[in-house]
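Visitor: When we follow our numbering, the leftmost residue of the sequence shown carries the number 6, and every step to the right adds one.
Just dropping this structure here.
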Amino acid sequence: MLLRNTLLYLPAQILAPLLQFLAILLWAWWLTPRDMGVFTIVAATQELGYLLFLSWFSAYALRFYDSAETGGHAASYHAAENIIIVLAALFNGLLALVIVTRVLDMRPDAGTVLAAGAFMAARSVNTHLAERARAAHHIGAYTILQVTGPAVGLLAGAVLQFLMPLNATVALAAYAAAHVLAILLATPFIGMRQASPRLAAPVLRRALAYGLPLLVAGGFSWVALNAVRYVAEGFEGAAAAGLIAVGLGLGLRGTTFAAMFVTAAAFPLAVRAWREEGPQAGMEQIARGGALVIAALLPAVAGLCAITPDVSNLLVAESYRSITEAVLPWAILTGAVRNFRSHFPDQIFLLAENSRTVTVIDGVDALATVTGALAGYLAAGLEGAVAGAAIGAVLAAAVSFALAGRMPHFTFPWPDTIRALIASAIMYATLLLVGQADSIAMLVLRILFGAVVYGAVLAMLYPMEALSFLLGLKPERNWRKLFRREKRMER
């Protein structure tokens with residue numbers, strides 16, 4: 006079930022981060038470092054807006070939406086969701102005004118404020134609806150919500166560059182329109198329903214009780230993720246934030262891309278196993294998902310580090326090139342550690358409804374990252390700030406695993422980890438022996454070669470599993486059912 010659902014999620018899991026990965030590279034060619042910095046800071050602030058106003062309800066939906074629909078509480082859930090979405094959109098618009106006029110210290114230009122507000126509101130709602138589609142196992146709607154925004158936004162930039170000079174305002178407006186389009190396309194499939202606001206109170210109380218600790222944790226997580234950007238902007242201005250945006254974005258998106266191959270289906274299946282078979286079954290499902298995360302992240306880290314010089318020389322715009330090569334390995338480490346922690350040990354606490362522990366861990370991450378980024382900047386400038394943030398992420402992951410080890414039924418998949426380490430080390434050594442690429446085509450071949458080497462070694466280390474996979478894998482024939490409309494529950 007885990008493997009099958011993971012494969013069905015793959016189109017969204019591959020295309021969305023791949024498009025975001027490409028966007029980082031292409032927008033760096035189209036925008037000046039200052040405009041790139043403005044766009045980056047607004048996007049980071051959007052993540053804060055989502056965390057403050059929607060993430061706690063998204064976490065509740067991911068954990069309890071299935072039981073609400075099957076338990077006769079659908080009307081109450083949808084009443085609460087409608088209220089939260091409207092309020093979140095309004096608050097994000099106000100937050101955009103503050104970030105543009107106060108933090109970035111820009112002229113109160115109406116176009117930039119409107120574009121930033123629309124972008125922040127639409128992207129936040131899109132993110133929540135994608136989580137709800139995942140909770141409902143509606144893979145088609147999830148794919149629409151994950152892919153449409155990055156795809157249409159990037160396409161708009163590619164077209165508009167021939168028609169006008171591009172700046173941060175144009176980029177924000179393009180992505181705002183793209184996310185609105187995604188919402189309009191996906192909404193008919195996931196069953197947004199009208200319901201009396203009077204029915205919302207029970208769900209809102211439960212969502213706050215479950216999600217409020219996660220809201221605090223989300224705030225800590227946001228600080229940890231974006232501290233480096235604001236340190237750069239605070240000390241050297243928006244242009245500095247733009248200069249490090251490419252290296253940070255490539256490292257974080259690259260590792261997220263690898264992790265999302267295997268993470269979308271894991272937690273909902275663990276929730277189902279916990280509910281239907283008990284805590285031990287849920288923990289075992291989390292451990293299986295953790296093994297997949299390890300198998301995806303280790304080769305991503307090894308491969309990205311091996312090709313860092315190639316990426317900087319062949320793909321990155323010249324004004325960003327030197328700083329990107331310096332910070333990219335640290336960003337890769339940060340992204341890998343954070344993805345590993347959030348998709349393995351942290352989910353153990355969420356499954357057990359122990360969200361306060363996640364809050365403590367995220368607090369450690371925020372404190373360690375901010376301290377590391379500030380100390381690193383004072384010691385070694387922008388590169389030092391990124392390195393200090395990476396060290397903070399490693400410390401937080403160590404705390405998470407130390408606490409997870411005390412949970413009942415928790416087991417770490419050491420045999421799978423050792424196999425993945427062996428395969429990744431062989432792949433890394435092979436890529437170094439091949440040498441650097443002198444063209445984009447050679448870089449693509451080098452990446453594919455590394456993937457083939459890793460897959461071949463892993464297959465040799467899992468001979469029976471590889472044979473069983475090849476013999477038993479059947480393609481999903483009826484793709485229409487992935488896009489079926491959600492049936493209305495009888496009231």
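In this text, a Cβ means the ideal position worked out from N, Cα and C, and glycines have one as well.
On the three-pair Cβ rule with 8 angstroms, is the segment 297–305 touching the segment 262–269?
Guide: yes
Visitor: Pick helix, strand or coil for ALA322, following the three-state DSSP scheme.
Guide: For the purposes of this step, residue 322 is identified with residue 317 of the sequence shown, where counting begins at 1. Coil, per DSSP.
Visitor: In three-state terms, what does DSSP make of VAL467?
Guide: Within the sequence shown, residue 467 is the residue found at index 462, counting from 1. The residue you asked about is not Val; residue 467 is Tyr in the sequence shown. In the structure shown, TYR467 sits in coil (DSSP, three-state: anything other than H, G, I, E or B).
Visitor: For the alpha helix (DSSP H) containing ILE288, list its first residue and its last residue.
Guide: As a first step, residue 288 must be located in the sequence shown, where it is residue number 283. Strictly speaking, residue 288 in this sequence is Met, with Ile absent from that position. For MET288, the uninterrupted alpha helix (DSSP H) segment begins and ends at 284–311.
Visitor: Can the beta-carbon of ALA94 be found less than 8 angstroms from the beta-carbon of VAL208?
Guide: Position 89 of the sequence shown holds residue 94. Position 203 of the sequence shown holds residue 208. Not closer than 8 angstroms, so no.
Visitor: PRO155 and ALA21 - do their beta-carbons sit closer together than 8 angstroms?
Guide: Sequence index remark: in the sequence shown, residue 21 carries index 16 (1-based). Sequence index remark: in the sequence shown, residue 155 carries index 150 (1-based). Yes.
Visitor: Is GLY254 near the ligand ZN, with its Cβ less than 7 angstroms from a heavy atom?
Guide: Within the structure as shown, the ligand ZN is missing, as the structure has no ligands at all.
Visitor: Let me know the secondary structure DSSP gives ASP443 once reduced to three states.
Guide: In the sequence shown, the residue the question calls residue 443 occupies position 438. The answer is coil: DSSP assigns ASP443 none of H, G, I, E or B.
Visitor: So, for SER60: in the same chain, excluding its five sequence neighbours on each side, which residues have a beta-carbon less than 6 angstroms away from its beta-carbon?
Guide: Start at 1 with the first residue of the sequence shown, and residue 60 comes out as number 55. GLY223, listed in sequence order.
Visitor: If we count the other Cβ atoms within 10 Å of its Cβ and call it buried at 16 or more, is ILE423 buried or exposed?
Guide: What you label residue 423 is simply residue 418 of the sequence shown in a count that begins at 1. Answer is exposed; the Cβ neighbour count stays below 16.
Visitor: Which same chain residues, not among the five before or five after ALA392, have their C-beta less than 6 angstroms away from its C-beta?
Guide: The residue labelled residue 392 in the question sits at position 387 within the sequence shown. Here the set comprises TRP335 and GLY381.
Visitor: For the alpha helix (DSSP H) holding MET265, just list the boundary residues, first then last.
Guide: Translated into positions along the sequence shown, residue 265 becomes position 260. Unbroken alpha helix (DSSP H) run through MET265: 243–268.
Visitor: Using 8 angstroms as the threshold, is the C-beta distance between MET125 and ASN87 below it?
Guide: Position 120 of the sequence shown holds residue 125. Position 82 of the sequence shown holds residue 87. Not a contact, by the Cβ cut-off of 8 angstroms.
Visitor: Assuming contact is defined by CB atoms lying nearer than 8 angstroms, are LEU448 and ALA442 in contact in what I supplied?
Guide: Locating residue 448 in the sequence shown gives position 443, where the first residue counts as 1. Locating residue 442 in the sequence shown gives position 437, where the first residue counts as 1. Yes, Cβ-Cβ distance for LEU448 and ALA442 is below 8 angstroms.
Visitor: Taking a contact to mean a Cβ-Cβ separation below 8 angstroms, would you say ARG139 touches PRO273 in this structure?
Guide: Stepping through the sequence shown from its first residue, residue 139 is reached at position 134. Stepping through the sequence shown from its first residue, residue 273 is reached at position 268. A contact, by the Cβ cut-off of 8 angstroms.
Visitor: Looking at LEU248 and PRO38, is the spacing between their C-beta atoms short of 8 angstroms?
Guide: Within the sequence shown, numbered from 1, the residue matching residue 38 stands at position 33. Within the sequence shown, numbered from 1, the residue matching residue 248 stands at position 243. Going by C-beta atoms, PRO38 is nearer than 8 angstroms to LEU248.
Visitor: So ILE144 and LEU190 are in contact, right, with Cβ under 8 angstroms, and what is the actual spacing, rounded?
Guide: By one-based count along the sequence shown, residue 144 stands at place 139. By one-based count along the sequence shown, residue 190 stands at place 185. Actually they are not in contact, since the Cβ atoms of ILE144 and LEU190 sit about 15 angstroms apart, beyond 8 angstroms.
Visitor: Between the segment 239–258 and the segment 321–339, do three or more beta carbon pairs fall short of 8 angstroms?
Guide: In this structure the segment 239–258 touches the segment 321–339; the number of beta carbon pairs closer than 8 angstroms is three or more.
Visitor: Is ALA127 near ILE188, with beta carbons less than 8 angstroms apart?
Guide: Locating residue 127 in the sequence shown gives position 122, where the first residue counts as 1. Locating residue 188 in the sequence shown gives position 183, where the first residue counts as 1. A contact, by the Cβ cut-off of 8 angstroms.
Visitor: Using the three-state DSSP reduction, which class does GLY196 fall into: helix, strand or coil?
Guide: On the sequence shown, residue 196 is found 191 positions in, with the first residue counted as 1. Reduced to three states, the DSSP call for GLY196 is coil.
Visitor: Taking C-alpha atoms, which residue in LEU53, ILE353 and VAL221 lies nearest to THR132?
Guide: Counting from 1 along the sequence shown, the entry for residue 132 is found at position 127. Nearest to THR132 by C-alpha distance, out of LEU53, ILE353 and VAL221, is LEU53.
Visitor: Quick check: the Cα distance between ARG496 and ALA80, rounded to an integer number of angstroms?
Guide: Position 491 of the sequence shown holds residue 496. Position 75 of the sequence shown holds residue 80. Low local confidence applies: a pLDDT of 40 at ARG496 is under 50, so the model's placement there is unreliable, and no value is given.
Visitor: Helix, strand or coil: which one does DSSP assign to ASP114?
Guide: For the purposes of this step, residue 114 is identified with residue 109 of the sequence shown, where counting begins at 1. Of the three classes helix, strand and coil, the one that applies to ASP114 here is coil, per DSSP.
Visitor: How many angstroms separate the CA atom of ALA331 from the CA atom of GLY252?
Guide: Here residue 331 refers to the residue found at position 326 when the sequence shown is read from its first residue. Here residue 252 refers to the residue found at position 247 when the sequence shown is read from its first residue. If you take the alpha carbons of ALA331 and GLY252, they lie about 8 angstroms apart.
Visitor: Looking at C-alpha atoms only, which residue of THR153, ARG234, ALA311 and LEU99 is the closest neighbour of ALA250?
Guide: Walking along the sequence shown from the start, residue 250 turns up at place 245. Of the candidates THR153, ARG234, ALA311 and LEU99, the one whose C-alpha sits nearest the C-alpha of ALA250 is ARG234.
Visitor: Do you know offhand how far LEU383's Cα is from ALA237's?
Guide: On the sequence shown, position 378 is the one that residue 383 refers to. On the sequence shown, position 232 is the one that residue 237 refers to. About 11 angstroms.
Visitor: Excluding the five sequence neighbours on either side, which residues of its own chain have a C-beta within less than 8 angstroms of the C-beta of VAL439, listed in chain order?
Guide: In the sequence shown, counting from the first residue as 1, residue 439 sits at position 434. So the qualifying residues of the chain are ARG451 and PHE454.
Visitor: I'd like to know whether the C-beta atoms of LEU302 and ALA245 end up nearer to each other than 8 angstroms.
Guide: The count along the sequence shown starts at 1 and reaches residue 302 at position 297. The count along the sequence shown starts at 1 and reaches residue 245 at position 240. Taking 8 angstroms as the cut-off, the Cβ atoms of LEU302 and ALA245 do not count as close.
Visitor: Helix, strand or coil for GLU86, going by three-state DSSP, please let me know.
Guide: What you label residue 86 is simply residue 81 of the sequence shown in a count that begins at 1. If DSSP states are grouped into helix, strand and coil, GLU86 belongs with the helices.
Visitor: What is the DSSP secondary structure of THR75, counted as helix, strand or coil?
Guide: On the sequence shown, position 70 is the one that residue 75 refers to. A caution first: THR75 carries a pLDDT of 48, below 50, which makes its placement in the model too unreliable to give a value.
Visitor: I need the DSSP call for GLU52, collapsed to helix, strand or coil.
Guide: To locate residue 52, count along the sequence shown from 1; it is residue 47. Reduced to three states, the DSSP call for GLU52 is helix.
Visitor: Taking one C-beta from the segment 360–377 and one from the segment 311–322 each time, how about it: are there three or more such pairs within less than 8 angstroms?
Guide: no
Visitor: Looking at the structure shown, is ASN344 part of a helix, part of a strand, or coil, going by DSSP?
Guide: If you number the sequence shown from 1, residue 344 lands on position 339. Helix.
Visitor: So the candidates are PHE354, ALA173 and GLU281; which of them puts its Cα closest to the Cα of PRO218?
Guide: Position 213 of the sequence shown, counted from the first residue, corresponds to residue 218. Relative to the Cα of PRO218, the nearest Cα in the group PHE354, ALA173 and GLU281 belongs to PHE354.
Visitor: Considering just the uninterrupted stretch of the alpha helix (DSSP H) at ILE104, what are its terminal residues?
Guide: Residue numbering aside, residue 104 sits at position 99 when the sequence shown is read from its first letter. Taken as a continuous stretch (DSSP letters only), ILE104 belongs to no alpha helix (DSSP H), as it is neither H nor E.
Visitor: DSSP three-state label for GLN352, please.
Guide: The residue you call residue 352 lines up with position 347 of the sequence shown. In this structure, GLN352 counts as helix in the three-state DSSP scheme.
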